[in-house]
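Numbering (our numbering), first residue to last: 2 to 362. Report on the following structure.
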């Protein structure tokens with residue numbers, strides 16, 4: 002005989018509290034003493050009780066769901082961002098709904114419309130492009146939303162991103178200090194503001210050294226497109242002494258291309274990647290990489306969104322978090338070059354986008 006699922010009354014009886022207290026623990030509508038919260042959660046866990054979020058929302062007229070829209074689910078950076086937001090949201094009894102735009106503005110708008118039908122309490126979004134047409138939909142809905150990672154230059158609102166200019170500056174300085182001057186920068190698309198900011202940081206180092214202009218190749222948003230463009234590069238120019246990849250798929254594409262060339266890393270070519278995933282430490286040699294604080298980005302995005310959901314109408318927040326350079330064995334002194342002493346360029350070069358001072362340093 003099938004056992005019926007535990008009810009809110011069952012949890013209340015086991016915890017020795019009222020059904021209203023159990024409801025408040027899971028809805029967050031009213032504060033509950035920590036001792037009672039612990040008893041209720043332990044009772045719910047023992048009984049396998051799961052609150053009906055949809056029914057709770059209909060009864061209370063207040064959403065406990067937030068939407069997250071990202072460009073793609075196959076990119077581990079975005080899945081890590083989702084995990085960080087989910088952990089923070091779950092701690093406050095919110096659920097999440099995730100949608101992918103597949104790096105397409107039209108699909109992004111369609112996913113946002115679908116999310117809005119669920120009447121979420123708020124939205125975290127990584128735009129598919131700088132155009133970000135979905136902002137109009139979100140603004141008309143009157144929902145609080147936070148833009149993360151890819152922040153369009155003209156956007157005015159709550160944002161959380163990395164200090165991409167400084168990330169590019171750190172990466173280029175490291176390679177030039179190792180004597181590399183023939184460097185290919187592997188980017189996804191210059192249509193994105195965060196990629197342009199990283200390139201601005203690299204260019205600041207080039208100007209400081211008065212060296213050759215930036216050598217850049219756009220690879221698109223997948224491993225397949227990255228590998229195809231880099232394979233074409235083989236026929237167009239001689240092999241550089243270093244690759245600086247600005248995305249995860251760019252790094253994978255560079256490594257695949259170097260295998261085709263039978264090039265040894267770092268003896269023949271140095272490689273510097275971006276985002277510092279676990280696999281970058283597992284390959285041989287381990288990859289030097291720029292690490293973005295993705296977990297902190299998720300936590301800060303939730304913190305801002307939660308305040309907006311609670312009715313905080315203070316001035317918009319623009320949070321930029323510092324990246325770090327993780328030095329490993331995939332970068333080495335250029336065999337044919339000389340070690341250069343790079344004087345760190347000013348953080349306020351005129352060509353740098355006006356982003357304000359970074360936070361989280």
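Ideal Cβ placement from N, Cα and C applies to all residues, glycine included.
Boundaries (first-last residue) of the alpha helix (DSSP H) holding residue i
{"i": "residue 321", "result": "That residue, residue 321, is in no alpha helix (DSSP H); its beta strand (DSSP E) goes 319-322."}
{"i": "residue 9", "result": "9-16"}
{"i": "residue 138", "result": "135-142"}
Cβ-based neighbour list, residue i, same chain, cut-off 7 Å, excluding 5 preceding and 5 following
{"i": "residue 33", "result": "22, 25 and 26"}
{"i": "residue 20", "result": "9, 10 and 13"}
{"i": "residue 133", "result": "153 and 156"}
{"i": "residue 194", "result": "131, 151, 152, 153 and 154"}
{"i": "residue 105", "result": "129"}
{"i": "residue 257", "result": "228"}
{"i": "residue 139", "result": "113, 124 and 146"}
{"i": "residue 215", "result": "186, 200, 203, 204 and 207"}
{"i": "residue 278", "result": "77 and 249"}
{"i": "residue 300", "result": "85 and 89"}
Buried or exposed by the 16-neighbour rule on C-beta atoms within 10 Å, applied to residue i
{"i": "residue 74", "result": "exposed"}
{"i": "residue 101", "result": "buried"}
{"i": "residue 331", "result": "buried"}
{"i": "residue 268", "result": "exposed"}
{"i": "residue 335", "result": "buried"}
{"i": "residue 314", "result": "exposed"}
{"i": "residue 171", "result": "buried"}
{"i": "residue 211", "result": "exposed"}
{"i": "residue 169", "result": "buried"}
{"i": "residue 88", "result": "exposed"}
{"i": "residue 119", "result": "exposed"}
{"i": "residue 282", "result": "exposed"}
{"i": "residue 263", "result": "exposed"}
{"i": "residue 16", "result": "buried"}
Enclosing beta strand (DSSP E) for residue i [first to last residue]
{"i": "residue 146", "result": "146-149"}
{"i": "residue 163", "result": "160-163"}
{"i": "residue 188", "result": "184-188"}
{"i": "residue 126", "result": "123-126"}
Top-ranked residue by Cα proximity to residue i, from the options
{"i": "residue 124", "options": "67, 214, 160 and 252", "result": "67"}
{"i": "residue 275", "options": "269, 206, 264 and 287", "result": "287"}
{"i": "residue 95", "options": "196, 69, 223 and 18", "result": "69"}
{"i": "residue 180", "options": "194, 218, 224 and 241", "result": "241"}
{"i": "residue 250", "options": "187, 202 and 197", "result": "187"}
{"i": "residue 47", "options": "7, 83 and 216", "result": "7"}
{"i": "residue 151", "options": "254, 261, 78 and 259", "result": "78"}
{"i": "residue 204", "options": "76, 184, 116 and 126", "result": "184"}
{"i": "residue 307", "options": "45, 97 and 247", "result": "97"}
{"i": "residue 72", "options": "112, 50 and 90", "result": "112"}
{"i": "residue 243", "options": "266, 202 and 206", "result": "266"}
{"i": "residue 239", "options": "259, 253 and 221", "result": "259"}
{"i": "residue 245", "options": "301, 226, 182 and 280", "result": "182"}
{"i": "residue 127", "options": "103, 51 and 270", "result": "103"}
Spatial neighbours of residue i in its chain, beta-carbon cut-off 6 Å, leaving aside the 5 residues before and after
{"i": "residue 163", "result": "293, 322 and 324"}
{"i": "residue 318", "result": "159 and 305"}
{"i": "residue 62", "result": "Confidence in residue 62 is poor, its pLDDT being 43 and thus under 50, which makes the residue's placement unreliable; the coordinate value appears in the next sentence. Contacts found: none."}
{"i": "residue 253", "result": "224"}
Own chain partners of residue i with C-beta closer than 8 Å, once the 5 adjacent residues on each side are dropped
{"i": "residue 175", "result": "273, 289, 326, 328 and 332"}
{"i": "residue 18", "result": "37, 40 and 41"}
{"i": "residue 219", "result": "188, 189, 190, 191 and 230"}
{"i": "residue 295", "result": "78, 81, 82, 85 and 276"}
{"i": "residue 49", "result": "6 and 7"}
- Query: Counting only runs that start and end within the stretch 269-327, where is the beta strand (DSSP E) found for 3 or more residues in a row?
  - Reply: Counting whole runs of 3 or more residues, the stretch 269-327 contains the beta strand (DSSP E) stretches 271-275, 289-292, 319-322 and 325-327.
- Query: Which ranges would you report for the alpha helix (DSSP H) in the stretch 201-267 if only whole runs of at least 4 residues count?
  - Reply: Complete alpha helix (DSSP H) runs here, min 4: 224-237 and 249-262.
- Task: Just list the beta strand (DSSP E) runs in the stretch 32-114, keeping only unbroken ones of 3 residues or longer that don't cross its boundaries, in chain order.
- Result: Whole beta strand (DSSP E) segments, 3+ residues: 66-71 and 96-101.
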